[in-house]
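Chains as they are written, first to last, in the numbering used here: chain A, 1 to 130; chain B, 1001 to 1130.
Number of protein chains: 2
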Amino acid sequence: MREPFHPSADSLDLAAILAALSDPTRLTILLRLAEADADVRCGDFTDLATKSNLSYHFAKMREAGLVSLRNEGTSRFLALRRDDIEGQFPGLLDQLIASAQRMEGRTRKPQIADSPDAPRNRAKRKPVQA
Amino acid sequence: MREPFHPSADSLDLAAILAALSDPTRLTILLRLAEADADVRCGDFTDLATKSNLSYHFAKMREAGLVSLRNEGTSRFLALRRDDIEGQFPGLLDQLIASAQRMEGRTRKPQIADSPDAPRNRAKRKPVQA
């Protein structure tokens, strides 16, 4: 597979980064990457969206410089570009992650209440309603 | 004039807030409001975009709960919803403002170099150098 384009650290654009996170699915991807604190196989996000939607989300995040995509054999791995973002906008990424966690906390609550026995991947799938 | 709709503080959505700031003009509006630390007349932003574009930007920011719009006589005033955002996402607004300032600092550089004697309102017009 061809290595996809990644913007250089010093060309990171704030508006593009915020646009890349202006979507609930992409915020969830951000949270999972932050929690994993390691590369995550792209295939591990298939509970969030269809494959073609995921490709779109990954591309948005990659083009904004939020994540890097790495090919390894037939797999692709996604990683947060922590250091690059921190270098350009100190504190921003941690703040966005913290805010996304708060948002997720708010939206998850009722779902847990509605379906206490829902399987784990179900609860993950649709972040819903305060 | 009819008072426009404003989302309640507890319904503020992170993805919507980030979308409302995923545009350089709206980031500049945010910075000016933060610097003013007071209501700003909508007419004071006409150096940034055409009136109809500005209306669109103000609406995006209002619908996301970033700003409130207030009618007074024939004028409209814009204000940051600092407390509401801080209540939902502590630290987020200050971090976004700080990042926007850094971004502005970076993008301003060449302009100052190009026109050191530009009049003051000109300097305001285009985000310039920290």
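Here a beta-carbon is modelled for each residue, glycine too, at the ideal position from N, C-alpha and C.
Residues near residue i by beta carbon distance below 7 angstroms, same chain, minus five either side
i	result
Ala34 (chain A)	Leu80 and Ile97
Ala1019 (chain B)	Ala1064
Leu78 (chain A)	Leu33, Asp39, Val40, Cys42, Phe58, Val67 and Leu69
Lys60 (chain A)	Ala20 and Arg26
Limits of the unbroken alpha helix (DSSP H) element including residue i
i	result
Glu1063 (chain B)	Lys1051 to Glu1063
Which of helix, strand or coil DSSP assigns to residue i
i	result
Phe45 (chain A)	helix
Ala36 (chain A)	helix
Arg1070 (chain B)	strand
Leu1078 (chain B)	strand
Leu21 (chain A)	coil
Asp1013 (chain B)	coil
Glu1003 (chain B)	coil
Gly91 (chain A)	coil
Ser1008 (chain B)	coil
Ile112 (chain A)	Bear in mind that a pLDDT of 45 at Ile112 (chain A), under 50, signals an unreliable position, so the number given afterwards is only what the model happens to contain. Helix.
Neighbourhood of residue i by C-beta distance below 6 angstroms, restricted to the same chain and skipping five residues each side
i	result
Glu1006 (chain B)	Residue 1006 (chain B) is actually His in this sequence, not Glu. Around His1006 (chain B): Ser1068.
Leu54 (chain A)	Phe45
Spatial neighbours of residue i in its chain, beta-carbon cut-off 8 angstroms, leaving aside the 5 residues before and after
i	result
Ile1017 (chain B)	Ala1064, Gly1065, Leu1066, Ile1085, Phe1089 and Leu1092
Leu12 (chain A)	Ala64, Gly65, Asp84, Ile85, Gln88 and Phe89
Glu104 (chain A)	Leu27, Thr28, Leu31 and Pro127
Anticipated Cβ contact below 8 angstroms, residue i with residue j, distance rounded
i	j	result
Leu1191 (chain B)	Gln1101 (chain B)	Residue coverage of chain B in this structure runs from 1001 to 1130, which leaves residue 1191 (chain B) outside it and unanswerable.
Arg1082 (chain B)	His1057 (chain B)	About 19 angstroms separates the two Cβ atoms, so there is no contact after all.
Ala1015 (chain B)	Pro24 (chain A)	5 angstroms
Worksheet item: Quick one: any contact between the segment 45-61 of chain A and the segment 1034-1047 of chain B, if contact means 3 or more CB pairs under 8 angstroms?
Response: no
Worksheet item: Would you call the segment 101-108 of chain A and the segment 63-73 of chain A in contact, with 3 or more CB pairs under 8 angstroms?
Response: no
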